[in-house]
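Colleague: Sending over a structure as structure tokens; questions will come in a sec.
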Amino acid sequence: MRREVTWWLCAALCLFACGFACAGQPLGQQHSLQSTRRRRAASNDDINKKCSYTFLIPQQRITGPICASATGPEPDRDRVTRMDISDLREVLGKQRREIETLQLVVDVDGNLVNEMKLLRKESRNMNSRVTQLYMQLLHEIIRKRDNSLELALLENRVLNATSEMLRLASRYRELEARFGQLASVVNNQSALIAALEERCLQAYGGRHDLPAVPPLVPVVPESIPANSGRFTNEITREHNRALTRGSRMDAPPTVSPVGIPPPTLSTEGPFRDCFQVRQAGNKASGMYLLKTDGSDRLIQVWCEHGLDNGGWTVFQRRKDGSVNFFRNWENYKKGFGNIDSEYWLGLENIYNLTKQGDYRLLVELEDWVGKKVYAEYSSFRLESESEGFRIRLGTYQGNAGDSLSNHNGKPFTTLDRDRDTFSGNCAHFHKGGWWYNACGQTNLNGVWYSGGVYRSKFQDGIFWADYGGGFYSLKSVRMMIRPIE
Ligand SMILES: [Ca+2]
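The sequence shown maps to residues 1 to 485 in the UniProt record's numbering.
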């Protein structure tokens, strides 16, 4: 009886184990395949891993021994149980490993998912960044296109300006060449006119009713001022006004021009000349009072102390055309003009000055570019009025050329007193008063023309033939004397 109970318990345990491994298998099939599976278990490991036992459970209450097989139950019972447990453990271990493997896979997959999420996020960011860069690129392209258009516009403007500049330069050169041609034509015009007039006179040889015209001095001298190519007929407004009131030729010398404050007149003196003024210690150029020997008259004069140690007595000055020099004998005898501007000291005063001793003469000339030249004569004096204030000159030195020696020894001529050697009146042609010859090489009391070269029927400008020629009117002129030391 005890043996039967033990067997039963063992069978029940095996049934439990087998049921765990082979759940769902039909009982009849299990029993029918039992022997076959056992054979396969010896040769096939995979088959061994599966359940291969079937137990018959009596449907009635067990009251006696139970026969499970012909070979006896006890040896099979022990062997099956161990194999099954081993198989089960092996299966469990394998499943556990698979689960671990799957767990690893799941973990890896989880990491991959996270990485994918990160990558997706980065991808979105990159897309956003790419979109932003693309927009910037489009903006840059548009801006560069605009810049290109603007640059092209500017290039066109530069090209147009360059073209215009070249056109103007070409035009300027043409005008310059044209001006040169015209200047040349005008420069030769006077000589042509003179030749024509000479022919005319020859044609009317027997007739003497035509006025004689003095010969012209050389138009082109050896020394030419820098801007002698320029022509002008301008006469200063003051000079024009003076010419229109030609009847007022008896205007006395004035102390100062209207509207311009006069320079300080020294209260010292009177002196016999400016050299004595300088010797008295006066270093400033300006107006001083003189009283020449043998005369009771006080005269105002400009003393130049800033040139060659000073002491120069200025008796003639031209600078701006503010004074009309086309005057009669009496005016030239007594003097006229403004001491601090343009003036003529007067033949009588010059005569009295030079009578005091031995004087030398300095003529200072300035052209229209500011260049100054001079002509100095070793001696200078005038003879008395009865001799027509004849001029007496010494030897020349200087860089202006000797144009005054041609007048040496000639008496003074004005429009109303003709003492020149020409058949007509040189004062009429030269519009001044001078020691005319026939008529001469210089005309420092002529018409003050602005700009240098002038155009006139006669050579009536302030010319110095050896510096500028007969048709170049100087800008400023001074004639001054100083005792010979
Ligand atoms: Ca004459």
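Glycine residues also receive a C-beta, built at the ideal position from the N, C-alpha and C atoms. Note that the structure is predicted; figures quoted are calculated from it, not measured.
For ligand 1, which residues have a Cβ under 5 Å from at least one heavy atom, in chain order?
Modeller: After applying the 5 Å Cβ criterion, the set is D418, D420, F422.
Colleague: Using CA atoms only, rank isn't needed, just tell me which of Q459, E115, G335, A195 is closest to H430.
Modeller: It is Q459 whose Cα lies nearest to the Cα of H430.
Colleague: With DSSP as the reference, label L159 as helix, strand or coil.
Modeller: DSSP places L159 in helix when its eight states are reduced to three.
Colleague: Using 8 Å as the threshold, is the C-beta distance between G346 and K355 below it?
Modeller: no
Colleague: Taking the C-alpha atoms as reference points, what is the distance between E199 and W329?
Modeller: For clarity, residue 199 is Arg in the given sequence; the question names Glu instead. Cα to Cα, R199 sits roughly 34 Å from W329.
Colleague: Going by other Cβ atoms of all chains shown within 10 Å of its Cβ, with 16 needed for buried, is P253 buried or exposed?
Modeller: For P253, the pLDDT reaches just 46, beneath the cut-off of 50, and the residue's location in the model is therefore unreliable, although a value from the coordinates is still provided. Answer is buried; the Cβ neighbour count reaches 16.
Colleague: Any idea what DSSP makes of T232, helix, strand or coil?
Modeller: Note on T232: pLDDT 44, under 50, position unreliable in the model; the coordinate value appears next. Looking at T232 - three-state DSSP - the assignment turns out to be strand.
Colleague: Between N282 and the rest of its own chain, which residues show a CB-CB distance below 8 Å, the 5 nearest in sequence each way excluded?
Modeller: The residues are S266, E268, Y288, C303, H305.
Colleague: Over what stretch of residues does the beta strand (DSSP E) that includes C303 continue unbroken?
Modeller: 299–304
Colleague: What are the residues that DSSP puts in a beta bridge with Q461?
Modeller: The question names Gln, but residue 461 is Gly in the sequence shown. DSSP, once it has assigned bridges, lists V447 as partnering G461.
Colleague: At what residues does the alpha helix (DSSP H) containing Q316 begin and finish?
Modeller: That residue, Q316, is in no alpha helix (DSSP H); its beta strand (DSSP E) goes 312–318.
Colleague: To test your reading of the DSSP string, which unbroken alpha helix (DSSP H) runs of 4 or more residues are found completely within the segment 336–366?
Modeller: 347–355
Colleague: Quick one, which of A203, D84, L393 has its alpha-carbon nearest F380's?
Modeller: L393
Colleague: With distances taken between CB atoms, is the gap from W435 to H407 smaller than 8 Å?
Modeller: yes
Colleague: Taking all protein chains shown into account, do 16 or more other C-beta atoms lie within 10 angstroms of the C-beta of A375, making it buried, or fewer, making it exposed?
Modeller: buried
Colleague: Since A427 and T442 are thought to touch, with beta carbons under 8 Å apart, how far apart are those beta carbons, to the nearest angstrom?
Modeller: A427 to T442, Cβ: 14 Å. No contact.
Colleague: Inspect the beta-carbon positions of M480 and T292 and report whether they are closer than 8 Å.
Modeller: no
Colleague: Which residues in the same chain as G310 place their Cβ atom closer than 6 Å to its Cβ, once the five residues preceding and following it in sequence are excluded?
Modeller: R278
Colleague: Report the residue from G388, R360, F389, L382 whose alpha carbon sits nearest the alpha carbon of Q397.
Modeller: R360
Colleague: Would you tell me roughly how many angstroms separate the C-alpha atoms of L92 and I85, rounded to the nearest one?
Modeller: 10 Å
Colleague: For the putative contact between D466 and D402, defined by C-beta atoms under 8 Å, what is the C-beta separation to the nearest angstrom?
Modeller: 7 Å
Colleague: DSSP state of L290, grouped into three classes?
Modeller: If DSSP states are grouped into helix, strand and coil, L290 belongs with the strands.
Colleague: Indicate whether at least one CB of chain D lies closer than 8 Å to the CB of F458.
Modeller: Absent here is chain D; the protein component of the structure consists of one chain.
Colleague: Where DSSP assigns a beta bridge to G398, which residues make up the other side?
Modeller: A375
Colleague: If we call anything under 8 Å between Cβ atoms a contact, is F422 one with G446?
Modeller: no
Colleague: Where does N188 land, buried or exposed, given buried means 16+ other C-beta within 10 angstroms?
Modeller: The residue is exposed, with fewer than 16 neighbouring Cβ atoms inside 10 Å.
Colleague: What does the alpha-carbon distance come out to for the pair Q300 and Q316?
Modeller: 13 Å
Colleague: Return yes when the C-beta of S341 is under 7 Å from any heavy atom of ligand 3, and no when it is not.
Modeller: Here the bound small molecules are ligand 1; ligand 3 is not part of this structure.
Colleague: Taking C-beta to C-beta, are F271 and A284 nearer than 8 Å?
Modeller: no
Colleague: If you follow the beta strand (DSSP E) that R392 is part of, which residue opens it and which one closes it?
Modeller: 391–393
Colleague: Under DSSP, the alpha helix (DSSP H) around R482 begins and ends at which residues?
Modeller: No alpha helix (DSSP H) holds R482; the beta strand (DSSP E) holding it covers 476–483.
Colleague: In this structure, how does DSSP classify Y472 when only helix, strand and coil are distinguished?
Modeller: For Y472, the secondary structure class from DSSP, reduced to helix, strand or coil, is strand.
Colleague: Where V158 and R178 are concerned, what is the direct C-alpha to C-alpha distance, given to the nearest angstrom?
Modeller: 30 Å
Colleague: Count the other C-beta atoms from every protein chain shown that fall within 10 angstroms of the C-beta of V369, then say buried if there are 16 or more, exposed otherwise.
Modeller: Of the other Cβ atoms in all chains shown, fewer than 16 fall within 10 Å of the Cβ of V369; this residue is therefore exposed.
Colleague: Shortest alpha-carbon distance to E366 belongs to which of L415, T81, R318, E348?
Modeller: R318
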